[in-house]
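Counting in the numbering used here, the sequence shown runs from 1053 upward without gaps.
Every residue, glycine too, gets a C-beta built ideally from N, C-alpha and C.
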Amino acid sequence: MASDNGYRKMVCLDEALRLVDRMRKDFYDALPAEAVPVDEATGRKLAADVVALKNMPGYDLCTMDGYALRTSDGYPLRIAGEALAGRDFGRLKHGEAVYVTTGARLPEGANAVLQVEDAVISDGLLNGVQIGPWTNVVRAGSDLKAGGVLLPKGNLITPAMAGAFHVAGVERLVVYRKPRVAVIATGDEIRDGTVPDANGPMVCALLESWGCVPARKAPIGDSGEELAAGVDDALASHDFVITIGGVSMGRMDKVSSVVEEGDVIFKGIRMKPGKPFIASYRGGKPVFSLPGKPSGSYTAMELLIKRFVQGPAKAAAVNLPVSRDVALQSPDFDYVIFVELCDGEARPVGYPGSSLELLRGAEYNTSLLSTSARTTLADGYFIAHGFVKAGQPVSINLSR
1053 MASDNGYRKM VCLDEALRLV DRMRKDFYDA LPAEAVPVDE ATGRKLAADV
1103 VALKNMPGYD LCTMDGYALR TSDGYPLRIA GEALAGRDFG RLKHGEAVYV
1153 TTGARLPEGA NAVLQVEDAV ISDGLLNGVQ IGPWTNVVRA GSDLKAGGVL
1203 LPKGNLITPA MAGAFHVAGV ERLVVYRKPR VAVIATGDEI RDGTVPDANG
1253 PMVCALLESW GCVPARKAPI GDSGEELAAG VDDALASHDF VITIGGVSMG
1303 RMDKVSSVVE EGDVIFKGIR MKPGKPFIAS YRGGKPVFSL PGKPSGSYTA
1353 MELLIKRFVQ GPAKAAAVNL PVSRDVALQS PDFDYVIFVE LCDGEARPVG
1403 YPGSSLELLR GAEYNTSLLS TSARTTLADG YFIAHGFVKA GQPVSINLSR
């Protein structure tokens, strides 16, 4: 492959994601596990299958308001009482029916529910249409039987799962310990305070929102020796390290030479923003090196580091027409186009009519924003290859 600013063996985005997936598997296989209460597990990654301790549901459940009965009994049936959600009736006798509400336990001896719309009541007797066994009833254990796997190892815990865990009798979950991540900004200008570190706080905030424990380390200047020592020191007490800046080919960019002392998985991605990204191992632990431009740093975090931590995205996507033509210069690159959603359209940020200035004209690859704030104000992004025509539907990955 021809050289592209010194990155001679760049991988495509799909290959980068595949390699990150492989790194993630190896990483979590080595990460310690711990048991935590269900209420404290949201956002954590399961280190073991969640096994149901009870049947789900735990009893035969009425799914309609109506009358519980035994289908082998003929009409009329004497109405013997009622069963409400949380208030059981007991045992149904021959020739009886019991009024039930949705969610009530089916009385013992009953095997169906006649919905109230089909019931005819006269002088305490029930008549109605013929129904088959287990009509309007969910059987005990029909969702999951005790001993069955409720959620496999490797899944992320969401708030919606807490109710199911409780119903299944599960009180504690075995999850991976939260990854401890050292974040190191590089460059004399960052270390000396001449240029503010816009990336460090953003990277740490994203990591924390993804279930990690980030530690923002003191910036390190443009010294290969200092950088190597700083990374090694961070790796001694953290599970992986993220460096920011110093990955281009300038004379003062020392990160590449330091990470290349270890095992480089890939160096550079045919993606803009975010091309100068390096994934490597040092001392057996992952080191990810982000570009210094905030747009590239944020893009690499959203597409690569998030995937490393959480796995392939299951976030909602929405298909919308793009508001205007998007002309991109390098057809062999994937372009990450940040958008705002407005009036049923996806508006690329920085184009005329957009409230966020990211681009000037169509020069997406050269006129990147100088702060991370504008990128992160976008509602989402889509991946483009070459020319995108106005009105063309695109799949937006929502970022907020």
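Bridge partners - residue i, DSSP secondary structure assignment
| i | result |
| --- | --- |
| Leu1279 | Per DSSP, none; premise fails for Leu1279. |
| Lys1097 | Leu1208 |
| Glu1392 | Arg1399 |
| Arg1130 | Glu1148 and Leu1177 |
| Cys1114 | Val1189 |
| Gln1167 | Gly1118 |
| Thr1295 | Ile1236 and Ser1341 |
| Asp1078 | Looking at the DSSP assignment, Asp1078 forms no beta bridge with any residue, so it has no partner. |
| Gly1432 | Val1391 and Leu1450 |
| Leu1069 | For Leu1069, which the question treats as bridged, DSSP gives no partner whatsoever. |
| Phe1385 | According to DSSP, Phe1385 bridges with nothing at all. |
| Pro1089 | Arg1224 |
| Glu1160 | Arg1143 |
| Ala1135 | Val1152 |
| Val1063 | Ile1321 |
| Val1311 | For Val1311, which the question treats as bridged, DSSP gives no partner whatsoever. |
CA-to-CA distance, residue j to residue i, given in whole angstroms
| i | j | result |
| --- | --- | --- |
| Ala1082 | Arg1229 | 11 angstroms |
| Val1072 | Val1265 | 20 angstroms |
| Leu1166 | Gly1138 | 20 angstroms |
| Gly1297 | Val1235 | 11 angstroms |
| Glu1148 | Leu1177 | 9 angstroms |
| Met1213 | Cys1394 | 32 angstroms |
| Val1090 | Arg1224 | 5 angstroms |
| Asp1195 | Met1108 | 5 angstroms |
| Gly1155 | Lys1197 | 19 angstroms |
| Pro1346 | Gly1314 | 26 angstroms |
| Pro1185 | Tyr1111 | 16 angstroms |
| Ile1435 | Asp1284 | 35 angstroms |
| Phe1318 | Tyr1350 | 19 angstroms |
| Leu1144 | Thr1123 | 12 angstroms |
| Thr1423 | Leu1258 | Interpretation of Thr1423 is limited by its pLDDT of 40, a score under 50 that renders its predicted location unreliable; the figure taken from the coordinates is listed afterwards. Distance between the alpha carbons of Thr1423 and Leu1258 is about 16 angstroms. |
| Ala1054 | Glu1312 | Unreliable placement is indicated for Ala1054, whose pLDDT of 35 sits below 50; no coordinate value is reported for it. |
| Leu1356 | Pro1383 | 21 angstroms |
| Glu1169 | Gly1118 | 8 angstroms |
| Val1247 | Thr1238 | 11 angstroms |
| Leu1342 | Asp1274 | 15 angstroms |
| Val1370 | Gly1142 | 50 angstroms |
| Ser1174 | Lys1106 | 41 angstroms |
| Ser1261 | Asp1066 | 25 angstroms |
| His1437 | Ala1288 | 41 angstroms |
| Met1116 | Lys1366 | 34 angstroms |
| Val1401 | Pro1211 | 32 angstroms |
| Asp1125 | Ala1216 | 36 angstroms |
Reference residue i, options the options, closest by Cα
| i | options | result |
| --- | --- | --- |
| Gln1381 | Phe1439, Ser1447, Phe1434 and Gln1362 | Phe1439 |
| Phe1079 | Asp1291, Asn1449 and Ala1398 | Asp1291 |
| Lys1306 | Leu1203, Gly1335 and Ile1272 | Ile1272 |
| Glu1397 | Val1378, Lys1061 and Leu1372 | Leu1372 |
| Ala1068 | Glu1392, Glu1313 and Arg1322 | Arg1322 |
| Leu1158 | Ala1171, Asn1179, Gln1182 and Thr1187 | Thr1187 |
| Gly1206 | Ala1104, Pro1231 and Leu1098 | Leu1098 |
| Glu1277 | Ile1173, Val1310 and Gly1245 | Val1310 |
| Met1062 | Gly1344, Val1316, Ala1365 and Lys1358 | Val1316 |
| Ser1375 | Arg1399, Gly1363 and Leu1356 | Arg1399 |
| Tyr1333 | Thr1153, Ala1379, Ala1352 and Ala1280 | Ala1280 |
| Ala1171 | Gly1193, Ala1120, Phe1217 and Asp1140 | Ala1120 |
| Gly1095 | Leu1208, Asp1140, Ile1173 and Gly1245 | Leu1208 |
| Pro1253 | Gly1215, Thr1295 and His1218 | Thr1295 |
| Val1299 | Ala1286, Gly1320 and Ser1289 | Gly1320 |
| Pro1128 | Ala1085, Asn1179, Asn1163 and Cys1114 | Asn1179 |
| Val1293 | Val1361, Asp1244, Asp1240 and Val1226 | Val1361 |
Would you check if there are 3 or more beta carbon pairs closer than 8 angstroms linking the stretch 1379-1389 to the stretch 1312-1329? yes
Quick check for students: name the residue ranges of the alpha helix (DSSP H) that lie wholly in the stretch 1182-1266, counting only runs of 4 or more. 1213-1219, 1240-1243 and 1251-1261
Every unbroken alpha helix (DSSP H) inside the stretch 1326-1361 [4 residues or more]: 1346-1352
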